[in-house]
Structure formats: structure tokens, C-alpha cells
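Numbering of the sequence shown is given in my numbering, commencing with residue 1 and proceeding in unit increments. Where a beta carbon is used, it is the ideal one built from N, C-alpha and C, also for glycine. Computed from a predicted structure; not experimentally measured.
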Amino acid sequence: MSHYSFEFPYAFLLLPLFWFCAKECSVRSQAIYLPYIHILLASKRIKSRILEVLKWIAILSFVTALASPVKVVEYNNIKKEGRDIMLVLDSSKSMLDRGFDSENLKRDKFSAMVEVVADFIAKRQSDRVGLINFASSAFIASPLTFDKNYLLDILKKQRVGLVGSRTAIYDSLLEGEYLLSASEAKSKIVILLTDGIDNMSKTTFADIMEVTKKSDIKLYIIGIGQESDLEVQKLEALAKEAHGKFYFVSDKKSLAKIYKEIEKSETTAMKSESYKRYFYFYYFPLVVSIVFFLLFIYFRSVKGIAK
């Protein structure tokens, strides 16, 4: 954003002084009557008016230079304090179950989940986001990255059964904690989504609880499908210990609402700093003033035109 102004606008108050002096300060002499002299002076009067124009252009330009015309450009520097987020997604065989998307009952849970998660990723422009795909084991599909197009492409390539058919929730959480432990971000988050009970992890529930207690990473856990298929109490305990929250949803619309809720609660902190830059243009009217003042002197002195 920019605008033009004068650094010293009060300089224009000098113009009335120049005008007053031109009227009242000139030297007056006694008049001598000469008949027909007006014929001889007719041409000089025209030249005298030219001198008057040159003089006032010089004065006006000089005063404008004193007022210092300036262009002010305002800059707003917005500093965004992003978060590091690991998305941990279940790709076990049960994610092929249908009926999760009420708008398309033939669609499986995994496809519906990918669509919702893709929308979440696209909105986290100031955050680094990573992706873990887990089933029988945890697979790091993408490390933390700012490149959302790359991450979305990786997400769309994930498939059920890529890393087995069973469920290793605790191993995948441990992997997410490990990846974020090296992060220097002020806010670190794991968002885990699953539809089943851990039946494959080498890491025990007690182990992951101990890691969570010592960690500064916030944990959100989303259970989907049938509540009876989940270890709700354990998942709730993990989320609570990590200063996060446990959610349960039974359809795609509810899942989208949960991700939007997390998105709102984990907004990007922003600091705005503004500063101004000044571009001075006093030299333009100053040059004009000097040129017209020299022209005034030239026509007045060299050509001998009467004032």
C-alpha cells in the first residue's frame, strides 16, 4: 500500500508571504508623464508578464521542494508460527468395510478417510505435515514437509494392505513420536485415525503411555466405524495424557467435522509487523525552480527587460 504526501506541508504558508512581498515590497518611484509612451512600452509589458510567470513558477517549485514531496510505501510483514503435524492413518483390512459414507454406501472407509484428510492437509499451508500409513507395521509415507502438493500426491497413492492387514496402533504412535521428537517447532501434534484394536504392536500400552507422559507432543485420536471394535478407554487415556482429545465418529460427515474442529483449535499463530519506506522527490521541483529562476535572470538581465 502506498500514498503520496508532503513531509513539511507547512512550507506552503510561505506562498502568501511571497505574494504579499511582490505587491508591497517593490520599490516605487515618482511617475513622469510622457505622451505616447504606452506605444513604446506595449511590447515590454508582454515580456514583463513572461517574467512574472517565470518568477512565480520558480517560487512555487522552490516552495514545493521545501515541502518535500514524498511517496510512502507501507509494508506488512506477517510472521506465521507453524506447527509440525504427523497424520497417522489406519490402512488395515477392516478399512475396506463399506457404509461409512452416507452419500455413497458402496464406498469403503479408507477412500472416504483419504478425501477428508486431503482437505485438512490443503488448509495447513503454514504447517509442516507428515504421513504415516500403518497396519501390521508403521510405514513412513512422507516425512514432515511444507510441500502440500507432494504430500497430497503421496496420500492418494496409499492403499489398504500396503503394510499388511492387521493393526499396530502403538507402534505407529511411537513412530510418530519419534519423528516429531527432533522437531524444533513450538507446537507438535499427532493425529491418529483407526477403526480397530491393536493386535500387532511390539510396543505395549504401558510403553506408549510412558512415552506420552514424557513427551510434549499433543495427541488427537479419532476412532471410526463401530465403537465396539475400539479400545475406547485406552485411546481416551492416551489422548488425555498427551493433552489432546479422543473422538469417535460413525460416518464421513462426522469425520469431516472432527478434522474441522481440530483445524480450528490448532490455528496458526501469526504476528504482524508493519513498517514504512519513504521515497523523496524534492529534487524534481528543486531542479524546475533553478531552471526557471535562471530563465528569469536571463530574460531580465541579458535582454534588458524592465521589471
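Any idea if residue i is buried or exposed, counting beta-carbon neighbours within 10 angstroms, 16 or more meaning buried?
i      : result
ALA22  : exposed
ASP171 : buried
LEU13  : exposed
ASN133 : buried
ALA141 : buried
ASP216 : exposed
PRO143 : exposed
TYR280 : exposed
Just how far apart, CA to CA, sit residue i and residue j?
i      : j      : result
SER201 : LYS213 : 19 Å
PHE248 : ILE258 : 9 Å
LYS157 : GLU115 : 12 Å
SER92  : GLY164 : 7 Å
LEU15  : GLN125 : 56 Å
LEU60  : TYR298 : 19 Å
GLU261 : ALA185 : 21 Å
ILE169 : LYS276 : 53 Å
SER254 : LEU162 : 26 Å
LEU96  : SER136 : 15 Å
LEU286 : SER265 : 58 Å
ILE222 : ILE191 : 8 Å
LEU180 : GLY130 : 9 Å
THR167 : GLY244 : 22 Å
ALA11  : PHE18  : 12 Å
ILE57  : SER274 : 39 Å
PHE139 : SER187 : 23 Å
PHE324 : LEU66  : Past the edges of the chain, shown from 1 to 307, lies residue 324, and the structure says nothing about it.
ARG49  : PHE284 : 25 Å
LYS218 : GLY225 : 24 Å
ARG98  : SER250 : 12 Å
Note down, in chain order, each residue of its chain lying with its Cβ closer than 6 Å to the Cβ of residue i, except the 5 sequence neighbours on either side.
i      : result
ASP101 : ARG107, ALA112, LYS252
ILE290 : none
Once the 5 residues before and after residue i are set aside, which same chain residues still bring their CB inside 8 Å of it?
i      : result
ALA122 : LYS148, LEU152
MET209 : ALA237, LEU238, GLU241
ALA118 : LEU152, LEU155, LYS156
SER2   : LYS71, VAL72, VAL73, GLU74
GLU24  : none
Which residues in the same chain as residue i place their Cβ atom closer than 7 Å to its Cβ, once the five residues preceding and following it in sequence are excluded?
i      : result
LEU295 : LEU54
LYS234 : PHE205
Point to revise | Whole beta strand (DSSP E) elements within the segment 53-101, 3-residue minimum | key: Counting only runs of 3 or more residues that sit fully inside the segment 53-101, the beta strand (DSSP E) segments are 69-81, 84-90, in chain order.
Can you find at least 3 beta carbon pairs, one from the segment 163-176 and one from the segment 84-95, that sit closer than 8 Å?
-> Contact holds: three or more Cβ-Cβ distances are below 8 Å.
Of all the alpha helix (DSSP H) runs that stay within the bounds of the segment 106-154, which reach a length of 4 or more residues? Counting only runs of 4+ residues, the alpha helix (DSSP H) found wholly inside the segment 106-154 occupies 109-122, in chain order.
Next on the checklist: Any contact between the segment 227-237 and the segment 180-198? By contact I mean 3 or more CB pairs, one from each, below 8 Å.
Outcome noted: Yes, they touch.
Quiz item: Which runs of the beta strand (DSSP E) fall wholly inside the segment 176-247 and span at least 3 residues, in chain order?
Solution: The qualifying runs are 188-194, 218-224.
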